[in-house]
Structures are given as structure tokens and as C-alpha cells.
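K.L.:
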Amino acid sequence: DAGITQSPRYKITETGRQVTLMCHQTWSHSYMFWYRQDLGHGLRLIYYSAAADITDKGEVPDGYVVSRSKTENFPLTLESATRSQTSVYFCASSEWRLGTGELFFGEGSRLTVL
Amino acid sequence: SQKIEQNSEALNIQEGKTATLTCNYTNYSPAYLQWYRQDPGRGPVFLLLIRENEKEKRKERLKVTFDTTLKQSLFHITASQPADSATYLCALVAGGYQKVTFGTGTKLQVIP
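Top to bottom, those sequences are chains A and B. The first sequence runs 262 to 375 under this note's numbering. The second sequence runs 102 to 213 under this note's numbering.
#1: Check the Cβ-Cβ distances between phenylalanine 147/B and every residue of chain A, and say whether any is below 8 Å.
#2: Near asparagine 108/B, what residues of its chain come up, given a Cβ to Cβ distance below 8 Å and the 5 sequence neighbours on each side ignored?
#3: Since tyrosine 296/A and arginine 305/A should fall inside the 8 Å C-beta cutoff, what is the C-beta to C-beta distance between them, to a whole number of angstroms?
#4: Could you name the residues of the segment 278-294 of chain A whose beta carbon sits closer than 7 Å to any beta carbon of chain B, in the order they occur along the chain?
#5: Looking at the unbroken beta strand (DSSP E) that takes in glutamine 298/A, where does it start and where does it end?
#6: For a test of the three-state rule: what should DSSP assign to alanine 313/A, helix, strand or coil?
#7: Say whether chain A places a C-beta atom closer than 8 Å to the C-beta of phenylalanine 77/B.
#8: Between tyrosine 133/B and chain A, is any beta-carbon pair separated by less than 8 Å?
#9: What is the DSSP secondary structure of leucine 375/A, counted as helix, strand or coil?
#10: Would you grab the beta carbon distance between threonine 347/A and leucine 372/A for me? Rounded to a whole angstrom, and I think it's under 8 Å.
#11: In the DSSP assignment, the beta strand (DSSP E) including glutamate 106/B goes from what residue to what residue?
#12: At a Cβ cut of 7 Å, what residues of the segment 316-339 of chain A count as close to chain B, listed as they run along the chain?
#13: Would you say leucine 150/B lies against chain A (beta-carbon separation less than 8 Å)?
#14: Does the distance from the CB of tyrosine 129/B to the CB of alanine 195/B come in under 8 Å?
#15: Can you check whether the CB of serine 354/A is closer than 8 Å to the CB of glutamine 286/A?
#16: Go to glutamate 157/B, then tell me how far its beta strand (DSSP E) extends in each direction, as first and last residue.
#17: Consult DSSP for glutamine 199/B and reduce its assignment to one of helix, strand or coil.
#18: For the segment 171-183 of chain B, enumerate the residues whose C-beta is nearer than 8 Å to any C-beta of chain A, in chain order.
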């Protein structure tokens with residue numbers, strides 16, 4: 262199916278482990294984003310990418326790494342997971358040619374760090 | 102500092118009434134203001150966009166107003182239905198398409 266898919270949907274890991282959350286979109290949108298959603302904070306931008314091989318930091322980038330070697334994929338890696346990174350992570354895409362900045366979100370990846 | 106405020110308390114209304122949700126912001130000059138709907142366990146879904154030079158936008162039972170002087174947007178759902186129960190997020194777009202910043206959302210409960 263076309264759209265934006267995230268995997269895994271649920272992940273439990275331990276402090277200090279590396280975790281990679283995957284995001285794949287089939288629309289060839291230019292922009293891709295990673296947000297985390299926590300109670301009381303809403304959605305906060307971690308990293309975004311304007312195109313393949315172009316990434317930049319958002320509001321809360323510390324402890325995260327991203328890459329975008331292909332337009333359709335935008336993985337998010339937690340190099341050494343901490344409990345404060347327990348959250349729901351949303352990947353999103355958008356296309357500047359639409360002229361609205363509308364974001365298309367995936368279903369989310371719920372990460373628990375023990 | 103920049104801030105987007107939505108009523109953090111849940112809004113409960115009777116079916117058939119008009120629901121009005123508020124989004125206030127400070128220290129922003131947004132080019133657009135967007136509204137999204139989020140159901141439990143799902144990603145947000147885009148509903149409406151209003152530009153800085155527009156006062157009002159409508160889509161079916163939805164109406165959004167944007168007052169850049171008051172720095173406020175109101176989101177109305179007329180003839181509300183239980184299926185409208187969800188969390189509604191406002192988002193500001195300023196400084197480029199990558200600059201989408203979200204409020205914390207308001208949970209709406211429509212009571213049959």
C-alpha cells in the first residue's frame with residue numbers, strides 16, 4: 262500500500278542499547294521528519310530532512326542520529342538508549358510543491374527503554 | 102520564548118452542539134496555521150490549513166478562523182457527532198516548510 266510506514270510499531274529495549282526506528286514513504290516527498298510525542302509536551306521535532314543526504318536538527322536532537330541515503334527512507338537511531346527516550350515516535354513526510362506544509366504521518370513507533 | 106497554547110483540559114460537549122477549540126500563540130509570525138486530528142494510537146491526520154492573510158476557512162462541518170492580531174485560531178466543529186471525539190492539534194508553519202511546530206492538543210469528547 263502507498264503511504265508512510267514505520268517499523269517496529271512497538272519496541273522494548275534496555276538502557277545503553279542501540280535502537281533503530283525505520284520509516285519508509287512511497288510518495289517521493291522531499292521532506293521527512295521525526296517527531297516524538299510525550300504527555301505534556303506534544304509533538305517535538307527531533308530531526309528533519311529536505312532531500313536525500315540533507316538532514317538538519319530539530320528542537321530535541323540530542324541522543325539521536327539520522328541518515329537519508331534514499332528519498333524514501335529516513336531511519337532514526339538511538340545510539341545508546343536512555344529512559345528519557347521512552348516515547349512514541351512519529352515519522353512524517355511532506356512535499357513543498359503542495360504549498361501547504363501539510364504533514365503525512367506514520368502510525369508511530371512506541372519505544373520503551375527499561 | 103515561542104509558545105503555542107491549547108486548552109489542555111478535555112472538552113466535553115453534547116452531540117449536535119458546536120465544539121470550539123482554541124489555539125493561542127506568542128512570539129510567532131506564522132505563514133500558515135494547520136489543524137490536525139489524532140485518534141488514540143494513531144498518527145495525526147491533517148484537516149485544514151489557513152494562511153496568514155485569510156480570516157476564515159471552511160470544510161464541510163469544520164470552520165477555522167485566524168486572527169493574527171490576537172494571535173489566535175479558533176477551530177469549530179458544527180453539529181458534532183460522537184465520531185468527532187479525538188484530540189485536535191494546532192500547528193504553526195513559520196520560516197519554511199520544515200518549521201512546523203505543534204501545540205499539545207485538546208481532547209474533544211462528544212457525548213451522545
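From the three backbone atoms N, C-alpha and C, an ideal C-beta is built for every residue, glycine too.
P.N.:
Well, looking at it:
#1: Position 46 of the second sequence, counted from the first residue, corresponds to residue 147/B. Chain A, which has a Cβ nearer than 8 Å to the Cβ of phenylalanine 147/B, makes this yes.
#2: Locating residue 108/B in the second sequence gives position 7, counting from the first residue. These residues qualify, in order along the chain: Leu122, Thr123, Thr207.
#3: In the first sequence, the residue the question calls residue 296/A occupies position 35. In the first sequence, the residue the question calls residue 305/A occupies position 44. At roughly 6 Å, the Cβ-Cβ gap stays under 8 Å, so tyrosine 296/A and arginine 305/A are in contact.
#4: Tyr292
#5: As a position in the first sequence, residue 298/A is number 37, starting the count at 1. Here the beta strand (DSSP E) through glutamine 298/A covers 292-299.
#6: Numbered from 1 along the first sequence, position 52 holds the residue referred to as residue 313/A. Of the three classes helix, strand and coil, the one that applies to alanine 313/A here is coil, per DSSP.
#7: No answer is possible for residue 77/B: it lies beyond the span of chain B, which begins at 102 and ends at 213.
#8: As a working mapping, residue 133/B is identified with position 32 in the second sequence. Interface residue, yes.
#9: Within the first sequence, the letter at position 114 stands for residue 375/A. Leucine 375/A falls in the coil class under three-state DSSP.
#10: As a position in the first sequence, residue 347/A is number 86, starting the count at 1. As a position in the first sequence, residue 372/A is number 111, starting the count at 1. Threonine 347/A to leucine 372/A, Cβ: 6 Å. Contact.
#11: As a first step, residue 106/B must be located in the second sequence, where it is residue number 5. 104-107 is the span of the beta strand (DSSP E), which, as asked, contains glutamate 106/B.
#12: none
#13: The residue labelled residue 150/B in the question sits at position 49 within the second sequence. Yes, leucine 150/B lies at the interface with chain A (some Cβ there is under 8 Å from its Cβ).
#14: Position 28 of the second sequence, counted from the first residue, corresponds to residue 129/B. Position 94 of the second sequence, counted from the first residue, corresponds to residue 195/B. Yes.
#15: Counting from 1 along the first sequence, the entry for residue 286/A is found at position 25. Counting from 1 along the first sequence, the entry for residue 354/A is found at position 93. Yes.
#16: As a position in the second sequence, residue 157/B is number 56, starting the count at 1. Glutamate 157/B -> beta strand (DSSP E) spans 157-160.
#17: Taking the first residue of the second sequence as 1, we reach residue 199/B at position 98. Looking at glutamine 199/B - three-state DSSP - the assignment turns out to be coil, as it is neither helix nor strand.
#18: none
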